[in-house]
Ligand SMILES: [Zn+2]
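In the numbering used here, the protein residues as written are 1 to 158.
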């Protein structure tokens with residue numbers, strides 16, 4: 001069975017049990033920026049329920065221009081006032097260089113590699129704090145999530 005077919009079949013079962021959430025505003029007024037890593041269950045790891053938070057994912061959980069774009073809408077149009085940036089141990093972007101990733105991917109783009117999680121989080125949180133249209137955010141913090149035991153090992157405040 002193709003992956004596509006499995007998705008469509010799973011959706012048929014999902015629809016039977018689906019309870020819609022009317023309000024698009026996250027109930028906890030929270031956005032979580034994190035890595036796309038398939039091992040991270042953001043909702044379970046942080047005790048969130050469907051409808052509680054925006055979850056913005058990319059490689060590394062880095063604060064890119066596109067993340068700022070999403071946060072502009074989260075904060076100004078959808079009531080978000082707190083942002084957590086959550087990176088994780090054993091991330092594919094940690095300890096590699098753009099040159100190495102260019103070898104693998106054939107792309108010379110900036111992959112936003114991570115040398116040190118705490119240092120990188122400080123940089124990313126500062127990027128949010130330095131963005132004038134995000135000055136409405138009251139709380140901005142960073143977590144390092146250890147994906148093996150599952151706990152948060154570092155908390156970095158902006
Ligand atoms: Zn990762």
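Positions of the beta carbon are idealized from the N, C-alpha and C atoms, including for glycine.
Owing to the predicted nature of the structure, the values given are computational and were not obtained by experimental measurement.
CA-to-CA distance, residue j to residue i, given in whole angstroms
i, j, result
"residue 63", "residue 157", "15 Å"
"residue 50", "residue 80", "15 Å"
"residue 114", "residue 122", "12 Å"
"residue 99", "residue 106", "10 Å"
"residue 136", "residue 71", "11 Å"
"residue 25", "residue 75", "10 Å"
"residue 82", "residue 120", "19 Å"
"residue 42", "residue 28", "14 Å"
"residue 9", "residue 16", "12 Å"
Contact test: residue i Cβ vs ligand 1 heavy atom, cutoff 8 Å
i, result
"residue 61", "yes"
"residue 41", "no"
"residue 108", "no"
"residue 95", "no"
"residue 87", "yes"
"residue 113", "no"
"residue 79", "no"
"residue 92", "yes"
"residue 36", "yes"
Own chain residues within Cβ distance below 6 Å of residue i, not counting five before or after
i, result
"residue 152", "143 and 145"
"residue 30", "53 and 82"
"residue 101", "111"
Residue i CB to nearest heavy atom of ligand 3 below 8 Å
i, result
"residue 76", "The model on display carries ligand 1 but not ligand 3."
Own chain residues within Cβ distance below 7 Å of residue i, not counting five before or after
i, result
"residue 36", "57, 58 and 59"
The stretch 142-151 contacting the stretch 88-96, beta-carbon criterion three pairs below 8 Å: The stretch 142-151 is in contact with the stretch 88-96.
Sequence ranges, alpha helix (DSSP H) only - wholly within the stretch 76-118, length at least 4: 98-105
Entirely within the stretch 19-62 and at least 4 residues each: give me those alpha helix (DSSP H) ranges in chain order. Listed in chain order, the complete alpha helix (DSSP H) runs (minimum 4 residues) inside the stretch 19-62 are 42-46.
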